[in-house]
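A.B. asks: Pasting in a structure now, in structure tokens, and then I'll have a few things to ask.
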Amino acid sequence: MSVFSPATRDRFERLAASYPQPRSALVPMLLYAQDELGYLPPEAIAEIAALLGETELAVREVIGYYSMLRTAPAGRYHVQVCTNISCMLRGGEEVLAHCQRRLGIHNRQTTPDGMFSIEEVECMGACAWAPALQVNYDFHQELDPAKVDEILEKYRRQG
Amino acid sequence: MAERPAYPAAHPAEVRVVSQRFGDPRAATLAGYLDTGGYQALGKALGLNGGEAMAPEAIIEEVKKSSLRGRGGAGFPTGLKWSFIPKGGDKPKYVLCNADESEPGTCKDRLILEHDPFAIIEGITIAGRAIGAQRGFIYIRGEYRYVLDIMQRALAEAYAAGYLGANIRGSGFSFDILAHTGAGAYECGEESALMESLEGKRGIPRLKPPFPAISGLYGCPTVINNVETLASVPPIILRGGDWFLNIGLPKNGGPRLFSLSGQVQNRGVYELPLGFPLRRLIEEVGGGVLGGSLKAVVPGGSSTPIFTAEEALGLNLDYDSVGKAGSFLGSGGVVVINDRTCMVRFALRVMQFYRHESCGWCVPCREGTNWLQLALTRFHRGDGRPEDVDLFTDVAQNILGRTLCPLGDAAAMPILSIVRKFRSEFEDHLHGRPCPFAAESSAVPVA
Chain A
2 MSVFSPATRD RFERLAASYP QPRSALVPML LYAQDELGYL PPEAIAEIAA
52 LLGETELAVR EVIGYYSMLR TAPAGRYHVQ VCTNISCMLR GGEEVLAHCQ
102 RRLGIHNRQT TPDGMFSIEE VECMGACAWA PALQVNYDFH QELDPAKVDE
152 ILEKYRRQG
Chain B
1382 MAERPAYPAA HPAEVRVVSQ RFGDPRAATL AGYLDTGGYQ ALGKALGLNG
1432 GEAMAPEAII EEVKKSSLRG RGGAGFPTGL KWSFIPKGGD KPKYVLCNAD
1482 ESEPGTCKDR LILEHDPFAI IEGITIAGRA IGAQRGFIYI RGEYRYVLDI
1532 MQRALAEAYA AGYLGANIRG SGFSFDILAH TGAGAYECGE ESALMESLEG
1582 KRGIPRLKPP FPAISGLYGC PTVINNVETL ASVPPIILRG GDWFLNIGLP
1632 KNGGPRLFSL SGQVQNRGVY ELPLGFPLRR LIEEVGGGVL GGSLKAVVPG
1682 GSSTPIFTAE EALGLNLDYD SVGKAGSFLG SGGVVVINDR TCMVRFALRV
1732 MQFYRHESCG WCVPCREGTN WLQLALTRFH RGDGRPEDVD LFTDVAQNIL
1782 GRTLCPLGDA AAMPILSIVR KFRSEFEDHL HGRPCPFAAE SSAVPVA
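Top to bottom, those sequences are chains A and B.
In terms of this note's numbering, the first sequence opens at residue 2 and continues consecutively.
In terms of this note's numbering, the second sequence opens at residue 1382 and continues consecutively.
What follows is the structure in structure tokens.
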């Protein structure tokens, strides 16, 4: 029994076959697995390891390196706030502090209802439109506290 | 509900070459790309339009003539890099497009990937033809998911129309490209770490030599270029190396994209001829400094040594001028800093980044960035000792040149330049005094 949907499982098999060496598919596979499951539980790690003929340890070693990969759940909406220089110079740290106050959680915590989590992240390539954040993969830019409130409210209503 | 950056009309000082299709919705489809001059360069290279195909050596020669230099950071001459690939041999060869844009202050490749995906595909294909490769990969940072989707759609269209795959448009040349996602790691923008990552491993840099041209992806000869570099190739092939060279300066061909960010009025991504005066970029294109007067400028992404206002205003933005002035043009990420910003805090934030991104493989970088972050945090909070100022320099000097990859240098160079050029600001934090900028700067403690 696969922990992944049939479509994802198919996609993984195609992905592994599309590189000169199947292991090349590992990092994308882990990210897509996380997209589907919210995080990388042991069953997913075991299945991906088996699919690529690698050990679970080898897979965990790779997971530990990449900052986007996680082995514990985050919120349904993972709010990633950039505070690197171009954002810092335009109030990125205030945006982070505002998110924390508004959601009542600290960096790397999740709200009790599982709706939101916060992470302070490094440069996300939105420097000219700073300060910026990403909710999951969606960019939001040129933020101030009022705009942050609007954005969080939209996600909250979306449920 | 994601937002995309808006694209203002070109500033009169801009020369739009790689940004020629920015904001043009036609470039999203292959038909529109063809309507706007797309694939004419590949047509010329492969002899698809009745003309004779260019010899691979002739393609490399044209790129050499253009004086195109790498737009990712190191500024290495692209044609020369391509010429290092050995002719013949049994091993397959690869072209890698480095779309792992992560250097703080840099947001230009994202725009090319978003607005002109086929230009990148065309550039990679021409590079493949030039070096005798049959496969290319586009390594896109994990955070740029919508960009990966755009690129995958573009690749599918190019395959469907015979611009990729076996026997491209009847030319006899076959080439495949795969778009690949990373999962969050600045270090993977370093060429050998990117190859490790693309092989499904931790992105740890490799010892060089051997260089990628001899032993790259899967141990095979590999060319790796930045997105903007590869997107510059079709216009060079189409209009000639001399045309491109003449837009810029000798040995500094063409225009390039500058990401202008920080405390400046009109932030944005601007394509300007190499050699463009930094003063004009800030004052004329950028509309002037925001919230104060100019204190400092980072010329090419957070790893490049900083300039004081006085130095910056006399500087021209080409590889050699910036190099002569003691820094690097880097990724073209120009960050403007006003006089209400605390440079100690700025140095701390830069160090926090490199400490976070150090892969930990080389001890000087792993330990040095960690201790510098700890010491700078203590110092900025008001618990500094007079000897700390020299300690910062000493620790940074012991990272510099002592690591396998340039991340160590990237961490050391900014702190060395900030301490040297803004030493009095460090001294103003001593003896238990609060940060002199605390009242006006946006200081919120960093977690």
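Cβ coordinates follow ideal geometry from the N, Cα and C atoms, glycine included.
Helix, strand or coil for B:GLY1704, going by three-state DSSP, please let me know.
C.D. replies: It is helical.
A.B. asks: I'd like to know whether the C-beta atoms of B:LEU1638 and B:TYR1651 end up nearer to each other than 9 angstroms.
C.D. replies: yes
A.B. asks: Cβ closer than 9 angstroms: which chain B residues qualify as neighbours of A:VAL80?
C.D. replies: Those within 9 angstroms of A:VAL80 in chain B number zero; the least Cβ separation is about 13 angstroms.
A.B. asks: Does A:PHE140 come within less than 9 angstroms of chain B when only Cβ atoms are used?
C.D. replies: yes
A.B. asks: If you follow the beta strand (DSSP E) that B:ASN1607 is part of, which residue opens it and which one closes it?
C.D. replies: Secondary structure note for B:ASN1607: its beta strand (DSSP E) is the uninterrupted segment 1603-1607.
A.B. asks: I need the straight-line Cα distance from B:GLY1504 to A:ARG10, nearest angstrom please.
C.D. replies: 33 angstroms
A.B. asks: Counting along the chain, where does the alpha helix (DSSP H) carrying A:TYR40 start and finish?
C.D. replies: A:TYR40 -> no alpha helix (DSSP H), and no H or E assigned at all.
A.B. asks: What number of angstroms, rounded off, separates the C-alpha of B:ARG1661 from the C-alpha of B:ASN1430?
C.D. replies: 42 angstroms
A.B. asks: Select from B:ARG1730, B:HIS1812, B:GLU1748 and B:HIS1810 the residue whose C-alpha is nearest the C-alpha of B:TYR1795.
C.D. replies: Correcting the residue type first, residue 1795 of chain B is Pro in the shown sequence and not Tyr. Minimum Cα distance to B:PRO1795 is reached at B:ARG1730.
A.B. asks: When the cut-off is 9 angstroms and only beta carbons count, does A:ALA51 lie next to chain B?
C.D. replies: no
A.B. asks: Apply the 10 Å Cβ neighbour rule to B:GLU1524 and answer buried if 16 or more other Cβ atoms are within range, or exposed otherwise.
C.D. replies: buried
A.B. asks: So what does DSSP say about B:LEU1696, is it helix, strand or coil?
C.D. replies: The DSSP-derived three-state label of B:LEU1696 is coil.
A.B. asks: Below 8 angstroms CB to CB, which residues in the same chain sit around A:ALA73 once its five sequence neighbours on both sides are set aside?
C.D. replies: Result list for A:ALA73: TYR40, in chain order.
A.B. asks: Can you tell me which of the three DSSP states B:PRO1654 falls into?
C.D. replies: strand
A.B. asks: Would you report the Cα separation of A:GLU14 and A:LEU52, rounded to the nearest angstrom?
C.D. replies: If I take the Cα positions, the gap works out to 8 angstroms.
A.B. asks: Comparing C-alpha positions only, which one of B:CYS1743, B:ILE1687, B:GLY1413 and B:VAL1725 sits nearest to B:ARG1759?
C.D. replies: B:VAL1725
A.B. asks: Any Cβ of chain B within less than 9 angstroms of the Cβ of A:PRO42?
C.D. replies: no
A.B. asks: If distances are taken between C-alpha atoms only, which option among B:ARG1510, B:ILE1799, B:GLN1644 and B:VAL1645 comes closest to B:GLY1469?
C.D. replies: B:ARG1510
A.B. asks: Below 7 angstroms between beta carbons is the criterion; list the residues of the region 1485-1518 of chain B that meet it against any residue of chain A, in chain order.
C.D. replies: Residues passing the 7 angstroms Cβ filter: PRO1485, GLY1486, THR1487, CYS1488 and ARG1491.
A.B. asks: Against chain A, which members of the region 1613-1647 of chain B pass a CB distance test of less than 8 angstroms?
C.D. replies: When C-beta distances to chain A are compared with 8 angstroms, the residues of the region 1613-1647 of chain B below that value are SER1640, LEU1641, SER1642, GLY1643 and GLN1644, in chain order.
A.B. asks: With a threshold of 9 angstroms between beta carbons, is A:ALA73 in contact with chain B?
C.D. replies: no
A.B. asks: Buried or exposed for B:PRO1826, going by 16 or more other Cβ atoms inside 10 Å?
C.D. replies: In this prediction, B:PRO1826 has a pLDDT of 36, which is less than 50 and means its spatial position is unreliable; nothing more can be read from the coordinates.
A.B. asks: With H, G and I counted as helix, E and B as strand and the rest as coil, what does DSSP make of B:LEU1630?
C.D. replies: strand
A.B. asks: Please work out which residues of its chain come closer than 8 angstroms, Cβ to Cβ, to B:ALA1824, disregarding the five sequence neighbours upstream and downstream, and give them in chain order.
C.D. replies: Per-residue confidence for B:ALA1824 stands at a pLDDT of 39, beneath the threshold of 50, marking its modelled position as unreliable; the derived number appears in the next sentence. Closer than 8 angstroms at Cβ, skipping near neighbours: CYS1723, ARG1726, CYS1816 and PHE1818.
A.B. asks: Using the Cα positions of B:LEU1461 and B:VAL1703, report the straight-line distance between them to the nearest angstrom.
C.D. replies: 21 angstroms
A.B. asks: Under three-state DSSP, which class holds B:ILE1718?
C.D. replies: strand
A.B. asks: Tell me the rounded alpha-carbon separation between B:GLY1428 and B:GLY1649.
C.D. replies: 38 angstroms
A.B. asks: Return no unless some Cβ of chain A is closer than 9 angstroms to the Cβ of B:LYS1582.
C.D. replies: yes
A.B. asks: Might you give, ordered along the chain, the residues of its own chain that have their beta carbon closer than 8 angstroms to the beta carbon of B:ARG1814, omitting 5 neighbours on each side?
C.D. replies: The answer, listed in chain order, is GLY1763.
A.B. asks: Could you check where the alpha helix (DSSP H) with A:LEU153 kicks off and where it finishes?
C.D. replies: Where A:LEU153 is concerned, the enclosing alpha helix (DSSP H) stretches over 146-159.
A.B. asks: Any idea what DSSP makes of B:ARG1637, helix, strand or coil?
C.D. replies: strand
A.B. asks: Given a limit of 9 angstroms on CB to CB distance, which residues of the region 1708-1726 of chain B reach chain A?
C.D. replies: GLY1714, VAL1716, VAL1717, ILE1718, ASN1719, THR1722 and ARG1726
A.B. asks: Use the C-beta contact count for A:GLN22: other C-beta atoms within 10 angstroms, 16 or more gives buried, fewer gives exposed.
C.D. replies: exposed
A.B. asks: Taking 9 angstroms as the CB-CB cut-off, is A:ARG102 touching chain B?
C.D. replies: no
A.B. asks: Classify B:LEU1675 as helix, strand or coil using the three-state DSSP reduction.
C.D. replies: strand
A.B. asks: Where do the ends of the alpha helix (DSSP H) carrying B:LEU1559 lie?
C.D. replies: Taken as a continuous stretch (DSSP letters only), B:LEU1559 belongs to no alpha helix (DSSP H), being part of the beta strand (DSSP E) at 1557-1562.
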